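This report refers to the structure that appears directly beneath it.
Numbering (UniProt numbering), first residue to last: 1 to 479.
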């Protein structure tokens, strides 16, 4: 980097006074871990475990007989199998050789790619057999998880999911309460059989289905349709229903209390909401098309949680919110109203009397917090002649974009008013309130660190001026 001949060099940093060490030590009393009660030992083991590695717990199993069952319980409580085929084979052998550990597993997550793609689906939806170290059917057919509560299947195709639900899963995991499914492939004719097989999991209460443009859909109305009476919570993609179907969510899942719909579109989204059970206590519409939620809100008198996107009319929605039981309210990516609407919700004569939590996702910035610090590294190749333009361009690329009628000051006022009335406010929109001040502070920190690395204040002095650059440097380095 070119340097200014008049630029100040970075002053040498002193090491500072050494820390004094106390001359005396408190008298210590040694207590054997083995004399502690089991509950306390379990807490110690939990704190010693590393969520990213099992090596520490594996070593602890060899310490003594009393500690081993406690450590094994922590070691096997949650099993995560990524797409590493070798890791899957190792875990499978371990569970087969030591079947007593199966009773310890409460949560299991499997990336189905670990099976070596034993069953793939071509573009027409037909099966393709390929060599693999194992198969999902063999895995769940040979292992029995008597206390498994939560199962996550990642990157699974619709045909394989249907096969597992029809055959192996019900007997392999009879106590399953929560099922997360991420669909990776699509193609072929729409598939509805999977839904009826869910009834073979009698304790299933929570279903989370992540599928984009999948051929997996909820079944059409039919005399043979068996509703899932046990299901209490469902997260579904918006394209999982056929708008022309007479089958509604309330017909398929009559006792549903929590419904979350992601990427709902047009008629399909309206069909889902209009046919949702009247007993819902939670409704979330995430990243979908606009919907006039005020047309449907009266259908759900027990609603306590509501998260919505754009499409509503503020003047019509406000009185409905005021008279509702809603305690947790969230707004998604776009807010078709000014902050006067939010202020009316949290304060004044029309405020929501039961509101305790407000989530604001409607405003966003390109980067904030630690990510913003990383973005500033793009200035590393800037010179004294280009630094002003580079910083201005970077700020413009990442600063918040507020919609008309909304400002950072208005959002800050909403936050203050809500907090004063005991309402907790969160969400990414809050990052926009002090974004410019945070950008300036992190920019100063970046310049100081860059000056230390390059041993020159040339770029920093050109941006701030010599006196201000020196003051900023001193404030950061000698604080």
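Yeah, the Cβ is synthetic: ideal placement off N, Cα and C, and Gly gets one too.
Given the structure is predicted, the values throughout are model-derived calculations rather than measurements.
Rounded distance between the beta-carbons of residue 289 and residue 330, thought under 8 Å: That pair is no contact at about 17 Å.
Report buried or exposed for residue 100, applying the criterion of at least 16 other Cβ atoms within 10 angstroms of its Cβ. exposed
Taking the beta carbon of residue 98 as the centre, do at least 16 other beta carbons fall within 10 Å, making it buried, or is it exposed? exposed
Segments assigned alpha helix (DSSP H), at least 4 residues, entirely inside the stretch 134-189: 136-142, 158-166, 168-172
Which same chain residues end up closer than 8 Å to residue 423 when comparing Cβ atoms and leaving out the 5 residues on each side of it in sequence? 346, 355, 356, 357, 358
In whole angstroms, give me the CA-to-CA distance for residue 457 and residue 369. 25 Å
For residue 334, three-class secondary structure by DSSP: Looking at residue 334 - three-state DSSP - the assignment turns out to be coil, as it is neither helix nor strand.
Per the contact definition of three or more C-beta pairs closer than 8 Å, is the stretch 308-326 in contact with the stretch 376-388? no
Neighbourhood of residue 152 by C-beta, 6 Å cutoff - its chain only, sequence neighbours within 5 removed: 109, 180
Cβ of residue 240 within 8 Å of Cβ of residue 269? no
Is it true that the CB of residue 167 sits closer than 8 Å to the CB of residue 145? no
Hey, quick one: how far does the alpha helix (DSSP H) through residue 434 stretch, first residue to last? For residue 434, there is no enclosing alpha helix (DSSP H), as DSSP marks it with neither H nor E.
When DSSP builds the beta bridges, which residues end up paired with residue 233? 206, 258
Any 3 or more C-beta pairs closer than 8 Å across the stretch 395-413 and the stretch 446-463: The stretch 395-413 is not in contact with the stretch 446-463.
Residue burial classification, residue 212 (beta-carbon count within 10 angstroms, cutoff 16): exposed
Distance, Cα to Cα, residue 294 vs residue 316? 7 Å
How long is the line joining the alpha carbons of residue 333 and residue 361, rounded to whole angstroms? 6 Å
Am I right that residue 88 and residue 81 are in contact with their C-beta atoms under 8 Å? What's the rounded C-beta distance? 5 Å
In the structure shown, what three-state DSSP assignment does residue 307 receive? strand
Through-space distance from residue 237 to residue 164, alpha-carbon basis: 21 Å
Residue 370 - containing alpha helix (DSSP H), residue span: First-last of the alpha helix (DSSP H) with residue 370: 370-375.
Looking at the unbroken beta strand (DSSP E) that takes in residue 284, where does it start and where does it end? 282-286
Opening and closing residue of the alpha helix (DSSP H) in which residue 462 lies: Unbroken alpha helix (DSSP H) run through residue 462: 458-464.
Taking 8 Å as the threshold (C-beta atoms), are residue 228 and residue 257 in contact? no
Which of the three DSSP states is assigned to residue 226 in this structure? Here residue 226 sits in coil by DSSP.
Measure from the alpha carbon of residue 250 to the alpha carbon of each residue in 232, 192, 262, then state which is nearest. The option with the nearest alpha carbon to residue 250 is 232.
On a CA-only basis, which of 275, 420, 364, 300 is nearest residue 435? Give me that one, please. Distance check between residue 435 and each of 275, 420, 364, 300 places 364 closest, using alpha-carbon atoms only.
Straight-line CA distance for residue 431 to residue 367? 9 Å
Going straight from the alpha carbon of residue 395 to that of residue 463, what length do you get? 14 Å
Would you report the Cα separation of residue 77 and residue 234, rounded to the nearest angstrom? 25 Å
Ignore the nearest five residues each way along the sequence and tell me which others in residue 335's own chain have a CB closer than 6 Å to its CB. Here the set comprises 362.
Endpoints, the alpha helix (DSSP H) within which residue 413 is located: 408-420
Quick check on residue 191: does DSSP put it in helix, strand or coil? Here residue 191 sits in strand by DSSP.
C-beta contact flag for residue 111 and residue 178 at 8 Å: no
Looking only at its own chain, which residues have a Cβ that is under 6 Å from the Cβ of residue 310, when we skip the five neighbours before and after it? Within the same chain, residue 310 has close Cβ partners 290, 334, 336.
Closest to residue 340 by CA distance: which of 460, 84, 205, 407 is it? 407
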